[in-house]
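Here the structure comes first, spelled out in structure tokens, and everything after it is commentary.
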Amino acid sequence: MGDTPQARRHVRGHRQRLRRHLRPLVLPYDGATWTAASDVDIDHVVPLAEAWRSGASAWTTSRRQSFANDLTRPQLIAVTDNVNQSKGDEDPSTWQPSVTSYWCTYAKMWIAVKSYWALTAQSAEKTALQTMLNTCTS
């Protein structure tokens, strides 16, 4: 089609149909609702620096890359850019989602990732995770 009036109408039509089908994204850590992709970051549930401190420093470059891009376990999640920045490389002993109803899910995600990748957990981290798991209803 090229850059013709017909092509521009075609693209405009697709955008309008897409907008009708897109719904606002409700992000789990803070409950924020976003429609602009530019306001969303992808968070590593277990931050890369935390993984490094917990055993990833001994891994090969290939294994660290696999960890950083793991789509199989609950390691990557969409969050607001502000929340991602405030979380930084903190573990659950110093940072938890502000939505307490998400604590159970977050703790299970954290444990699944650390367990699969055989990463260590500090005492304060374990205590915080237990507190978060205590919010699970079933």
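The sequence shown lines up with residues 1299 to 1436 when you count with the working numbering. Backbone N, C-alpha and C define an ideal beta-carbon position, used for all residues, glycine too.
*Give the DSSP-derived three-state secondary structure of Asp-1339 in the structure shown.*
The answer is strand: DSSP assigns Asp-1339 an E or B state.
*asked:* Would Asn-1382 and Asp-1337 be called neighbours here (beta carbons separated by less than 8 Å)?
replied: Annotated as distal: Asn-1382 and Asp-1337, with beta-carbon spacing of 8 Å or more.
_Inter-residue spacing [alpha-carbon to alpha-carbon] between Gln-1394 and Arg-1361_ = Going from the Cα of Gln-1394 to the Cα of Arg-1361 covers about 27 Å.
*Please go through the same chain and pick out, in chain order, the residues whose beta-carbon is closer than 8 Å to the beta-carbon of Leu-1427, but skip the five residues on each side of it.*
Contacts found: Pro-1390, Ala-1405, Trp-1408, Ile-1409 and Ala-1419.
*With DSSP collapsed to three states, give me the class of Val-1377.*
In this structure, Val-1377 counts as strand in the three-state DSSP scheme.
*asked:* Please state the DSSP three-state secondary structure of Trp-1401.
replied: In the structure shown, the three-state DSSP call for Trp-1401 is helix.
_Cβ pair Thr-1333, Pro-1322 closer than 8 Å_ = In contact: Thr-1333 and Pro-1322 (Cβ atoms closer than 8 Å).
*If we ignore side chains and look at the alpha-carbon of each, how far apart do Trp-1401 and Thr-1358 end up?*
Going by the C-alpha atoms only, they are around 32 Å apart.
*asked:* Would Leu-1417 and Gly-1329 qualify as a contact pair, given that the criterion is a beta-carbon distance under 8 Å?
replied: In this structure, Gly-1329 does not lie closer than 8 Å to Leu-1417 by Cβ.
*Do the CB positions of Glu-1348 and Asp-1387 come within less than 8 Å of each other?*
Taking a C-beta distance under 8 Å as the contact criterion, Glu-1348 and Asp-1387 qualify as a contact pair.
_Give me the residue from Val-1411, Thr-1398 and Asp-1368 with the minimum Cα distance to Thr-1435._
Ranked by how close their Cα comes to the Cα of Thr-1435, the residues Val-1411, Thr-1398 and Asp-1368 have Thr-1398 in first place.
*Please determine, among Ala-1376, Met-1430 and Leu-1369, the residue with the shortest C-alpha to C-alpha distance to Tyr-1414.*
Taking Tyr-1414 as reference, the option from Ala-1376, Met-1430 and Leu-1369 with the minimal CA-CA separation is Leu-1369.
_Please tell me whether Tyr-1327 and Ser-1396 are closer than 8 Å, where the distance is taken between their beta carbons._
Yes.
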